[in-house]
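In our numbering, the protein residues as written are 92 to 367.
A quick write-up on the structure given underneath.
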């Protein structure tokens, strides 16, 4: 059965325990965790045993499951030193995963833009960019495979893997059972018709269905701007039906919304799940 979760950093509180209390109050028990929730950078240089013990202890007390941890950095950053620093910090996150009882790290496949990892760039569609990404993933997967941690890439218009076809090509090329897919439909389009939405979703599940380990839930309005789930044009009933028909039993995770929007978006998704 599909569970609803949320990006933990949606809630800004003075302590990690308070963040989890807010999530429980909103009737959810699984999160995508970010190290910023305990006062560290999202991609820390150091994660101590005290840090991981604290995370695990608070999650156990609040009965919260960490479904994934955010590990996004620009995997093809034009400055190799910055890229390598990102890989080093990713390794630190991967090593922490077993200690905080999760086995999934979310990734950003990167962009040629040096300042914003979510901004499109002409370089992204070149063979050189693809080689950069493959090289970074090869390094990251070595450790992930040793520790039985999955790395989740998300097809995203602004990045190297900007279509479901490229995501399939990447999985086939890397040939690693530890490389998985995180799906967010509105990262695959800006302005499309309802029929085009359905076609994109059908293609995504046809090509990637067996490799999807997490689903994200945000929305776009008619002008293409990201908004909270239920406030835009995405056909969530069709999306959730695709997940269910594909045998998906992992979390659907809310993000891209303000705390004030959480209750409405959560109720919206919960109602659809009850209907189908």
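Cβ coordinates follow ideal geometry from the N, Cα and C atoms, glycine included.
Secondary structure of residue 280 (DSSP, three-state): coil. Residue 305 is bridged by DSSP to 273.
Counting C-beta pairs closer than 8 Å gives fewer than three between the segment 264-271 and the segment 174-192, which falls short of the contact rule.
The residues 328, 331, 332, 335, in chain order, have a CB closer than 8 Å to that of residue 367 in the same chain once the five nearest residues on each side in sequence are set aside.
Annotated three-state conformation of residue 107 is helix, per DSSP.
The alpha-carbon of residue 224 is positioned some 16 Å away from that of residue 180. The beta-carbon distance between residue 139 and residue 166, rounded to whole angstroms, is 26 Å. This is too long to meet the 8 Å contact definition.
Short of 7 Å from the beta carbon of residue 305, and not among the five residues preceding or following it, lie these beta carbons of its own chain, in chain order: 158, 159, 195, 243, 273, 341, 342, 344.
Here residue 125 is buried: its Cβ has 16 or more other Cβ atoms, across all protein chains shown, within 10 Å.
Counting C-beta atoms within 10 angstroms of its own C-beta, residue 154 has fewer than 16 neighbours from the protein chains shown and is therefore classed as exposed.
In the three-state scheme derived from DSSP, where H, G and I count as helix and E and B as strand, residue 140 is classed as helix. The Cβ atoms of residue 285 and residue 326 lie closer than 8 Å to each other. One thing to note: residue 249 has its Cβ no nearer than 8 Å to the Cβ of residue 217.
Within the model, the alpha-carbon separation for residue 122 versus residue 213 is close to 34 Å. Each residue's CA atom was taken as its position, placing residue 282 and residue 152 some 43 Å apart. Exclusion of the five residues before and after residue 178 leaves 227, 230, 231 as the residues of its chain whose Cβ lies within less than 7 Å of its Cβ.
In terms of Cβ geometry, residue 255 and residue 295 form a close pair [threshold 8 Å]. Here residue 241 is bridged, per DSSP, to 195. Per DSSP, reduced to three states, the secondary structure at residue 154 is coil, with no helix or strand assignment. In the structure shown, residue 235 falls within a helical segment according to DSSP collapsed to helix, strand and coil. Boundaries of the alpha helix (DSSP H) around residue 353: 350-366. In the three-state reduction of the DSSP assignment, residue 248 falls in the coil class.
When Cβ pairs closer than 8 Å are counted between the two stretches, the segment 139-149 is seen not to touch the segment 114-121, the count staying below three. When the beta-carbon positions are compared, residue 320 and residue 280 stay at least 8 Å from each other.
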